[in-house]
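Protein chains: 2
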Amino acid sequence: MSVEVTMVQTVIANWKLVVGRADKLFAGLSDTELEQEVAPGRNRLIYLLGHLTGAHDRMLALLRLGERLHPELDEPFGKLPDRAAAEIPSGETLKAAWLQVNATLLAGVEKLTPAEWIERHADVSEEDFVKEPGRNRLAVFLSRTSHLSFHVGQIILTRKK
Amino acid sequence: MSVEVTMVQTVIANWKLVVGRADKLFAGLSDTELEQEVAPGRNRLIYLLGHLTGAHDRMLALLRLGERLHPELDEPFGKLPDRAAAEIPSGETLKAAWLQVNATLLAGVEKLTPAEWIERHADVSEEDFVKEPGRNRLAVFLSRTSHLSFHVGQIILTRKK
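If you read the protein sequences in the order shown, they are chains A and B. Mind the numbering: the first sequence is residues 94 to 254 in our numbering, read in order. Mind the numbering: the second sequence is residues 94 to 254 in our numbering, read in order.
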């Protein structure tokens, strides 16, 4: 197997590890538990679930994999802070969207060739990308893996030691 | 530039982003602030500083980059939970070790060729690696990037909104 194919597989395996950890955490949360805050006055778990689902849904566009599934999450879980939206989807709805978005994302990235991984992401123009080749799909994917870990570290503080 | 070289550069750039964020957080903490817990009854910031420094120091061996600099951190910040060690190094000492370890680590990984990135890490035998090629240096590096993000997400909860 070529060096770059092994690299891609390793990157995806790491993503799966982190997503799998988040899957387990979210699946185990009741509606009451989803109301818990990660720290006093900070985000509720349901907000983080919506926030991460929205962020991963945006990856579909950012990685140029296809149409987004849930742009309606941007307003309540991205632009607005927790508790600012008049209404948000239920925990059940968000949990289903979380699984759906990640399954779609994984199916999309598993089809990318190594050369496609280092192509530009959607937020950089072709002209700018010539000067900044680091703004590629892989950079987005790694940065979102870190973003997910960041919030998993917070969510876990609300669970039993 | 080849696909695999761009991939390696992207991986290292992502590591630098996360480490840079942690650097800023740790540098700004007074000795009093280092005593704060990330949540009631959870790890103090000084413990996380020692824990992350020790984890990154172990990477020097795990990535087969050279001798470890601070194996003395394993006991108080790895094997033992927070507050269990009779004595721990000062915040000043740990902050200096944090910077030193990460500088050494970065200098080491920046010398690796793409082919070396997918060579086995130190905790897997040559025989096992044939069957499990995913247990490579890159896997360790990505997993430690996620580990750092996980704790940065916790540390940030103690800072002002």
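Cβ coordinates follow ideal geometry from the N, Cα and C atoms, glycine included.
**OP:** For the alpha helix (DSSP H) containing ARG230(B), list its first residue and its last residue.
**Re:** 230-248
Original post:
Is it right to say SER242(A) is buried, meaning 16 or more other beta carbons lie within 10 angstroms of its own, or is it exposed?
Top reply: buried
**OP:** Report, in whole angstroms, the separation of the C-beta atoms of LEU127(A) and ILE139(A), which I expect to be a contact under 8 Å.
**Re:** 4 Å
Subject >> According to DSSP, residues forming a beta bridge with ARG266(B) >> reply: An answer regarding residue 266(B) cannot be provided, because it is not within the stretch 94 to 254 covered by chain B.
Original post:
Of all Cβ atoms in chain A, is any one closer than 8 Å to the Cβ of ALA190(B)?
Top reply: no
Subject >> Check whether ALA232(B) and THR103(A) have beta carbons under 8 Å apart >> reply: yes
Original post:
Is the distance from the Cβ of THR251(A) to the Cβ of VAL131(A) below 8 Å?
Top reply: yes
**OP:** Round the Cβ separation of GLU209(B) and ARG230(B) to the nearest angstrom and send it over; I've been treating them as touching at under 8 Å.
**Re:** 7 Å
Original post:
According to a CB-to-CB cut-off of less than 7 Å, which residues of the stretch 177-188 of chain A neighbour chain B?
Top reply: none
Subject >> chain B contact for THR146(A) (CB, 8 Å cutoff) >> reply: no
Original post:
What are the start and end residues of the alpha helix (DSSP H) that includes MET94(A)?
Top reply: Neither: MET94(A) is in no alpha helix (DSSP H) and is coded neither H nor E.
Subject >> Neighbourhood of ILE248(B) by C-beta, 7 Å cutoff - its chain only, sequence neighbours within 5 removed >> reply: LEU118, VAL131, LEU138, LEU141
Original post:
Which bits of chain B does ALA115(A) rub up against, with CB to CB less than 7 Å?
Top reply: Within 7 Å Cβ-Cβ: nothing; ALA115(A) doesn't reach chain B, min ~11 Å.
**OP:** Would you decide whether ALA148(A) is buried or exposed? Buried here means 16 or more other CB atoms lie within 10 Å of its CB.
**Re:** buried
Subject >> Helix, strand or coil at ARG252(B) according to DSSP, with G and I counted as helix >> reply: coil
Original post:
How is GLU180(B) classed by DSSP in three states: helix, strand or coil?
Top reply: coil
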